[in-house]
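Numbering (the working numbering), first residue to last: 322 to 448. To start, the structure under review is shown below, and the notes come after it.
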């Protein structure tokens, strides 16, 4: 099950953080078709956010065709976003973990790694 984390200092709307986290879980194969997302009440208990924020996020995911509400049962995943190389057992994931170990060995912290990664990704995927 997804454990949502809200960063109130990120500048990203709370509902979009939820949407992004569900999409990440779908890409990583942590949840897949048929899986139930946490109820709005469960998310509220976990994150202390407004229930309407959760419902807004779930409506956005429904609009994108990723989930479907089932009255009285919850919100369920309709489709996966997993691509080759992203799954938990992927060799690419292992390579990335080794790279992160090297970066930490050089004294890089999370923010350093994220900045470097974003820079390289932005450079590689320029339109």
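Where is the CB? At the ideal position from N, CA and C, for every residue including glycine.
What does DSSP give as the partner residue(s) for residue 395 in the beta ladder? 391
As assigned by DSSP and simplified to three states, the class of residue 478: Outside the modelled stretch of the chain, which goes from 322 to 448, sits residue 478, for which no answer is possible.
Kindly provide the ranges of any alpha helix (DSSP H) runs that are 4 or more residues long and lie completely inside the region 329-384, ordered along the chain. 335-349, 361-368 and 372-384
In chain order, what residues of the same chain lie with their CB nearer than 8 angstroms to the CB of residue 376, ignoring the 5 residues before and after it? 361
Is the beta carbon of residue 340 less than 9 angstroms from the beta carbon of residue 366? no
Let me know the secondary structure DSSP gives residue 437 once reduced to three states. helix
Which of the three DSSP states, helix, strand or coil, is assigned to residue 402? coil
Which first and last residues belong to the alpha helix (DSSP H) in which residue 427 is found? Here residue 427 belongs to no alpha helix (DSSP H), and DSSP marks it neither H nor E.
Within its chain, find whatever has a CB closer than 8 angstroms to the CB of residue 433; leave out the 5 residues flanking it on each side and keep chain order. 424
Buried/exposed call for residue 444, threshold 16 Cβ in 10 Å: exposed
Quick one: Cα of residue 336 to Cα of residue 430, how far? 28 angstroms
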